[in-house]
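This report concerns only the one structure given below.
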Amino acid sequence: NAGVMQNPRHLVRRRGQEARLRCSPMKGHSHVYWYRQLPEEGLKFMVYLQKENIIDESGMPKERFSAEFPKEGPSILRIQQVVRGDSAAYFCASSPGDGNTIYFGEGSWLTVV
Amino acid sequence: GENVEQHPSTLSVQEGDSAVIKCTYSDSASNYFPWYKQELGKRPQLIIDIRSNVGEKKDQRIAVTLNKTAKHFSLHITETQPEDSAVYFCAASIQAGTALIFGKGTTLSVSS
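These protein sequences, in sequence, are chains A and B. Everything in the first sequence is counted per our numbering, starting at 363 for the first residue and increasing by one. Everything in the second sequence is counted per our numbering, starting at -14 for the first residue and increasing by one.
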């Protein structure tokens, strides 16, 4: 059973470009979470999605960030017009349902130059 | 929303000693409290969790205790080993459609 798959693992973008991070949950999991981790900081919740629905986006910045989890295909975290402060590790996690253990992917490291 | 505070931010112990990390949470409706271990450059991995109907849970050298009245929970690692060195995160959530909220982490260093 493959774990949570994230790609790309490493992404370099110039300021002003767009970054797209993809996450495929574990088989049988319908809940996806995105977290951001800045260097030497904790895991900051961004957004929680189920298939075709955003359940909680209280941690998402109001501008430039969006997330989706379509009926088919991976969840995508999209960052438009990236700035240097967006440089971070972005972790995706999945779970089979509310209140259950979440399992993390290996993360996507975004560097904005 | 939920807020989780974690202490200490760094902890250094000698091999064989015990380590204790403490967390407090704000939402009394929270009922699921996992702990994750993250090694440098790697993903967080679940090491133990506890639900609010249980006061204590143990798995070999690791134990977690929960005090719902005081809204705090703790991770205890006994007989620490150098491979226990990592960042440990506590988290809390309620079941109904909310995500895990994490503490800021504790960097544990075990020296031999």
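From the three backbone atoms N, C-alpha and C, an ideal C-beta is built for every residue, glycine too. This structure is a prediction, so every number in the text was calculated from the model and none was measured.
- Cβ-Cβ distances below 7 angstroms link residue 2/B to 65 in the same chain, with the five nearest sequence neighbours on each side left out; the list follows chain order.
- Scanning the region 8 to 38 of chain B from its first residue to its last, the whole beta strand (DSSP E) runs of 3-plus residues come out as 17 to 23 and 30 to 36.
- Burial check for residue 85/B: the Cβ neighbour count within 10 Å reaches 16 or more, so the residue is buried.
- Neighbours of residue 90/B across chain A, judged by C-beta separation under 7 angstroms: 404.
- Within chain A, the residues placing a beta-carbon under 7 angstroms from that of residue 84/B are 395, 407, 410 and 418, ordered along the chain.
- At least one beta carbon of chain B lies nearer than 8 angstroms to the beta carbon of residue 467/A.
- As a beta-bridge residue in DSSP terms, residue 44/B pairs with 47/B.
- By alpha-carbon distance to residue 11/B, the top candidate from 27/B, 5/B, 76/B and -11/B is -11/B.
- Within the same chain, -5 and 72 come within 6 angstroms of residue 92/B by CB-CB distance, once the 5 residues on both sides are set aside.
- Residue 450/A: member of the beta strand (DSSP E) spanning 450 to 457, first to last residue.
- According to DSSP, residue 94/B shares a beta bridge with -3/B.
- Relative to the Cα of residue 381/A, the nearest Cα in the group 369/A, 399/A and 400/A belongs to 369/A.
- Under the DSSP assignment, residue 77/B falls in the beta strand (DSSP E) whose first and last residues are 71 to 77.
- The DSSP-derived three-state label of residue 375/A is strand.
- The three-state reading of DSSP puts residue 68/B in helix, counting H, G and I together.
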